[in-house]
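FYI, the UniProt record's numbering numbers position 27 of the sequence shown as 27, with every residue one higher than the one before it. The beta carbon of each residue, even a glycine, is placed where N, CA and C say it ideally should be. It should be emphasised that the depicted structure is a prediction, and the values quoted were computed from it without experimental measurement.
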Amino acid sequence: MEAPRIRLVRQVFMSRILLVEGEADVRELIVDAFEERHLDVRTAASDRAAYAVLDAEARAFDVLVADINLGEGTTGFDVADEHVSSIPNSRSST
């Protein structure tokens, strides 16, 4: 009986993930892992793409997973900080 309830909680609280990863192969592997667990994943290949997605639909994501080194531009920490600061009552685990 406990397993279905645990599964439901996971689906409710971690239903949408934004993955920010510059390397296509790595991004694909991570997406596959999340999708195997029936999680809804949206991707961004750069900090600029992530900012655009977050500007358009910041509240749509329950979890942000970002590579620390995004190449040129800002870091994954910067993307996370910007996201957290834009949503009241949110917190970061960076």
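Residue ranges of each alpha helix (DSSP H) within the UniProt domain "Response regulatory" (16-94), 4 or longer = If we require 4 residues or more, the alpha helix (DSSP H) runs fully inside the UniProt domain "Response regulatory" (16-94) come out as 24-36, 47-57 and 76-85.
Look at the alpha carbon of Leu-8 and the alpha carbon of Gly-22, and state the distance between them as a whole number of angstroms.
-> Your numbering for residue 8 matches position 8 in the sequence shown. Your numbering for residue 22 matches position 22 in the sequence shown. Legend: pLDDT at Leu-8 = 49, less than 50; position of this residue unreliable, no value from coordinates given.
On the premise that Asp-55 lies in contact with Asp-78, defined as a C-beta separation below 8 Å, what is that separation, rounded to the nearest angstrom?
-> Locating residue 78 in the sequence shown gives position 78, where the first residue counts as 1. Locating residue 55 in the sequence shown gives position 55, where the first residue counts as 1. Contact flag wrong, Cβ pair sits at about 15 Å.
With burial defined as no fewer than 16 other Cβ atoms inside 10 Å of the residue's Cβ, what is the status of Gly-76: buried or exposed?
-> As a working mapping, residue 76 is identified with position 76 in the sequence shown. With 16 or more neighbouring CB atoms inside 10 Å of its own CB, Gly-76 falls in the buried class.
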